[in-house]
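Residue numbers (this note's numbering), protein chains in the order written: chain A, 246 to 474; chain B, 246 to 474. All C-beta atoms, glycine included, are put in the ideal place defined by N, C-alpha and C. Below you'll find the structure, written out as structure tokens, and then a few comments.
2 protein chains.
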Amino acid sequence: MENRCENCIIRQFNSLRALNKDDLKKVSDSKISRKIKKGEALFVEGQKLDGVFCVRNGVSKLSKLSANGKEQIVKLTNIGEIMGQRSVIAEDFTNLSATAINDMEVCFIPKEIISNTLNTNPNFSLEVLRHLAHDLKEADDVIVNMSQKTVKQRLAEAFIYLKKNYGEDENGFLTLTLSRDDYANIIGAATESLIRMISDFKKKGLIKTEGKKIGVVEIDRLQELVDGF
Amino acid sequence: MENRCENCIIRQFNSLRALNKDDLKKVSDSKISRKIKKGEALFVEGQKLDGVFCVRNGVSKLSKLSANGKEQIVKLTNIGEIMGQRSVIAEDFTNLSATAINDMEVCFIPKEIISNTLNTNPNFSLEVLRHLAHDLKEADDVIVNMSQKTVKQRLAEAFIYLKKNYGEDENGFLTLTLSRDDYANIIGAATESLIRMISDFKKKGLIKTEGKKIGVVEIDRLQELVDGF
DNA sequence: TCTAAAACATGATAATTGTCACTTTTTACA
DNA sequence: TGTAAAAAGTGACAATTATCATGTTTTAGA
Chain A
246 MENRCENCII
256 RQFNSLRALN
266 KDDLKKVSDS
276 KISRKIKKGE
286 ALFVEGQKLD
296 GVFCVRNGVS
306 KLSKLSANGK
316 EQIVKLTNIG
326 EIMGQRSVIA
336 EDFTNLSATA
346 INDMEVCFIP
356 KEIISNTLNT
366 NPNFSLEVLR
376 HLAHDLKEAD
386 DVIVNMSQKT
396 VKQRLAEAFI
406 YLKKNYGEDE
416 NGFLTLTLSR
426 DDYANIIGAA
436 TESLIRMISD
446 FKKKGLIKTE
456 GKKIGVVEID
466 RLQELVDGF
Chain B
246 MENRCENCII
256 RQFNSLRALN
266 KDDLKKVSDS
276 KISRKIKKGE
286 ALFVEGQKLD
296 GVFCVRNGVS
306 KLSKLSANGK
316 EQIVKLTNIG
326 EIMGQRSVIA
336 EDFTNLSATA
346 INDMEVCFIP
356 KEIISNTLNT
366 NPNFSLEVLR
376 HLAHDLKEAD
386 DVIVNMSQKT
396 VKQRLAEAFI
406 YLKKNYGEDE
416 NGFLTLTLSR
426 DDYANIIGAA
436 TESLIRMISD
446 FKKKGLIKTE
456 GKKIGVVEID
466 RLQELVDGF
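In structure tokens form, the structure reads like this:
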């Protein structure tokens, strides 16, 4: 009984906060906890989802394959986030794949519970609306960044984002460790270009590396880069 | 009395279709019709909106200025679309500017009416959710296109989109006439590059031009370009 | 712990796209 | 309807970024 939604603080960070005791009980009774290993997929592009995932722990990437076989990472998830909302709401196939970047714990909530609650609890609908609205705004920002910023600026921005969003360890390395490939797919560049740029940033003292780990050294200078010197 | 929402077919294309007679009356009583001239702004980035706009006629661009002063067009609106939903729902500043591309007729609906209806009519909330979900999916697609496709491919895609979405006149020219600048800002390229590419497409017989007007000649070959030959 | 596969890295080169400077054409409106 | 401003267009060139080839290091798992 330890894993009841009623006792889960995570829900304060997502739309489930709008649920009353009754609704919450229903969700809790029907949810299924799952562990996802690093590299495993939660769902893939084009799939029908019969529920949403609530992220208790770990980080996943939401990505899309383009015709030429390249992956574009559209978003990294945060703890507390609900995944799969869009396609459950639109009763649509998923437009993105979700893959665990590190080991994850998620709760799966069947779509019937979600739609029922949407139909009966206007507060919940409003919360979901707000979250979608937020996602949409962020997506717009990504569009602008992709088309108006150079690869170098996008990389600098990514480091700042990763530091602010996921933090760093006691030695100043980013908590979230990404492969070079993932970095390349976030900023939309060739892996080789990305690697060169990391070397460059390191040479300039903006970041430090230790194997896969990367640490932000001069966040202000990175920000200057983003703003265009 | 001719301009009552009750008699407006446009609403079948947007979330207002979920309104019952009562709700619709309230909307209709409080809405204000407005004409917007080509080039005029409906709202600008960073503004607080106290309502949404329902597009009766004309097309507008939703765009964002980047730090370097360049404009990125994120979306073109369609007839029937509701604009400003996101920021009214999130009770947030607009993240985009809306500018009329040709003369427009819009209805302004005060935000109180919208929020009230959201609070009381779950069907309306669901409809709005579906529309936001759709917008979000489209935004994801744009992100992938921006980062994975070449400027040439994005231009080819834009022509196909404009033809399918806004149609063409009796002479085979696109109904929606955009400036070269707007084209450049849609596909995220320098205006000069865009102009060169248009010349190139024309030389290859893919499109035809007559002043500002552009006509799609070989849609299949444009599609081949998009798909990567 | 050995080994193949995956990830990381670097050089050389090419393709794409942007920038700057300028001319020509079109458009708006005084 | 004349004219200034805006938009369209072109050339030369530079910067950015991708591609290909190849070598090195790291990692996972038999």
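Item: Closer than 7 Å at the beta carbon, the chain B residues around Val-387/A; Value: Ile-388
Item: Span separating the alpha-carbon of Lys-458/B from that of Ser-308/B; Value: 22 Å
Item: Presumed contact (8 Å Cβ cut-off) between Lys-306/A and Val-333/A, rounded CB distance; Value: Lys-306/A to Val-333/A, Cβ: 20 Å. No contact.
Item: Amino acids of chain A, ordered along the chain, whose beta-carbon sits closer than 7 Å to that of Met-391/B; Value: Ile-388, Met-391, Ser-392
Item: Min CB distance Met-246/B to chain A below 8 Å; Value: Summary for Met-246/B: the model assigns pLDDT 49, below 50, so the residue's position carries little reliability; its value from the coordinates is reported in the next sentence. Cβ-Cβ to chain A under 8 Å: no for Met-246/B.
Item: Beta-bridge partners of Phe-298/B, as assigned by DSSP; Value: Met-328/B, Phe-353/B
Item: Simplified DSSP assignment, three categories, for Gln-245/B; Value: Nothing in the structure corresponds to residue 245/B, since chain B is present only between 246 and 474.
Item: Minimum Cβ-Cβ distance from Val-319/B to chain A less than 8 Å; Value: yes
Item: Nearest-angstrom Cα separation, counted from Ala-335/B out to Val-373/A; Value: 10 Å
Item: Span separating the alpha-carbon of Asp-385/B from that of Ala-384/A; Value: 7 Å
Item: Expected contact under 8 Å - CB spacing of Asn-302/A and Met-349/A to nearest Å; Value: 6 Å
Item: Where the alpha helix (DSSP H) containing Ala-403/A begins and where it ends; Value: 396-411
Item: Chain B within 8 Å of Arg-375/A, Cβ atoms only; Value: yes
Item: Best match in Phe-404/B, Ile-388/B, Phe-298/B for proximity to Glu-469/B [C-alpha to C-alpha]; Value: Phe-404/B
Item: Simplified DSSP assignment, three categories, for Leu-307/B; Value: strand
Item: Strand pairing of Leu-421/A, partner residues [DSSP]; Value: According to DSSP, which records beta bridges pairwise, Leu-421/A is partnered with nothing at all.
Item: Residues near Glu-463/A in its chain [Cβ-Cβ closer than 7 Å; skip 5 each side]; Value: Gly-450, Leu-451
Item: Neighbour flag for Ile-440/B against chain A, beta carbons, 8 Å; Value: no
Item: Coil, strand or helix - Ile-255/B by DSSP; Value: helix
Item: Simplified DSSP state of Gly-341/A, which is helix, strand or coil; Value: For clarity, residue 341/A is Leu in the given sequence; the question names Gly instead. The answer is coil: DSSP assigns Leu-341/A none of H, G, I, E or B.
Item: Chain B residues whose Cβ lies nearer than 9 Å to that of Ser-311/A; Value: Val-389, Asn-390, Ser-392, Gln-393, Lys-394
Item: Met-246/A versus Asp-380/B - alpha carbon distance; Value: Bear in mind that a pLDDT of 48 at Met-246/A, under 50, signals an unreliable position, so the number given afterwards is only what the model happens to contain. One C-alpha to the other measures close to 40 Å.
Item: Beta carbon proximity, Ala-384/A to chain B, threshold 8 Å; Value: yes
Item: Inter-residue Cα distance where the pair is Lys-270/B and Phe-258/B; Value: 18 Å
Item: Chain-ordered chain B contacts of Arg-331/A [CB-CB under 8 Å]; Value: Ala-378, Leu-381, Lys-382
Item: Option nearest Ser-360/B by Cα separation, candidates Cys-250/B, Arg-331/B, Lys-320/B, Lys-447/B; Value: Arg-331/B
Item: Any chain A beta carbon closer than 8 Å to Gly-433/B; Value: yes
Item: Stretch-stretch touch, CB-based, cutoff 8 Å, three pairs: the segment 363-370 of chain B with the segment 277-292 of chain A; Value: no
Item: Minimum Cβ-Cβ distance from Val-297/B to chain A less than 8 Å; Value: no
Item: Delimiting residues of the beta strand (DSSP E) encompassing Thr-454/A; Value: 452-455
Item: CB contact flag (Ile-354/B, Val-389/B, <8 Å); Value: no
Item: Residues, ordered as in the chain, of the segment 446-473 of chain A that lie near chain B by beta-carbon distance below 7 Å; Value: Asp-472, Gly-473
Item: Top-ranked residue by Cα proximity to Asp-267/B, from Lys-315/B, Thr-365/B, Ile-281/B; Value: Thr-365/B
Item: Residue range of the alpha helix (DSSP H) that includes Val-471/B; Value: 464-472
Item: Start and end residues, beta strand (DSSP E) containing Ser-278/B; Value: 277-281
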